[in-house]
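In what follows, a single structure is set out as structure tokens and then discussed.
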Amino acid sequence: MIEHEFHKSLLVSNAQADAPWWLEVYRNAFPDLEAAVCVRSDGWAQRGGIDRVLTLASGKTLTVDEKVRAKDYPDIILEYWSDRDRRIPGWVAKDLACDFIAYAFIPSETCYLLPFQTLRQSWRTNHREWVSTHTRVEAKNRGYVTVSVAVPKAVLLQALTDAMVVSWGRQAA
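For the sequence shown, our numbering begins at 1 and goes up steadily by one.
As structure tokens, this is what we get:
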């Protein structure tokens with residue numbers, strides 16, 4: 001089991017928040033980007049999963065929760081227990097205020113912009129299967145253990161596509 005120290009992990013995360021490639025990611029994804037403001041101070045926004053607020057030329061704002069992996073992996077880690085023993089849901093299993101999860105892999109310079117509500121629906125539909133068939137990742141912290149599942153990218157992206165198709169008036173086949 002991996003052992004983490006929250007404050008050290010937070011320092012690493014904050015160092016990545018200043019990485020210049022984030023602005024490149026957002027400019028490539030949103031060509032009419034006007035501003036990208038990092039949210040660092042603890043408060044409702046941070047606790048709601050907002051690491052950055054993007055403002056487009058139209059005035060539309062988008063909120064993003066940023067996740068960074070220092071190595072390339074064939075999967076995306078979905079944290080479903082923030083504190084296993086106290087049964088506190090992880091970020092994929094709770095309501096967040098963000099529009100997107102920006103999930104970046106530094107070595108390959110690749111970022112997946114996952115629409116959060118679509119991701120949540122995919123989780124609701126598939127979590128039992130994912131937890132039973134994919135690698136479980138437990139991270140020990142001081143006083144608590146987080147639990148995640150490593151979902152292969154192709155599996156997750158297909159689930160997102162499936163979640164964007166909604167039927168009504170009859171049972172889905």
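Yeah, the Cβ is synthetic: ideal placement off N, Cα and C, and Gly gets one too.
Assigned with DSSP and collapsed to three states, Tyr144 falls in strand. Going by DSSP, Glu66 is part of the beta strand (DSSP E) stretching over Thr61 to Arg69.
By the neighbour-count criterion, in which a residue is buried when 16 or more other Cβ atoms sit within 10 angstroms of its Cβ, Trp22 is buried. The alpha helix (DSSP H) runs lying completely inside the segment 100-146 and spanning 4 residues or more are 116-133, given in chain order.
Here Lys67 is buried, its C-beta having at least 16 other C-beta atoms within 10 Å. Just measuring C-alpha positions, the residue of Gly59, Tyr144, Tyr80 and Ala45 sitting nearest Gly90 is Tyr80. Pairing Asp99 with His127, the inter-Cα distance amounts to about 20 Å. Taking every protein chain shown into account, the CB of Gly43 has fewer than 16 other CB atoms within 10 angstroms, so this residue is exposed.
Around the beta carbon of Ser132, a 10 Å sphere encloses fewer than 16 other beta carbons of the protein chains shown; the residue is thus reported as exposed. In the assembly as shown, Arg52 is a buried residue. Its beta-carbon has 16 or more other beta-carbons within 10 Å. Going by DSSP, Trp81 is part of no alpha helix (DSSP H) but of the beta strand (DSSP E) stretching over Asp75 to Asp83. If the five residues before and after Ala57 are omitted, its C-beta is found closer than 7 Å to the C-beta atoms of Asp32 and Glu34, all from its own chain and listed in chain order.
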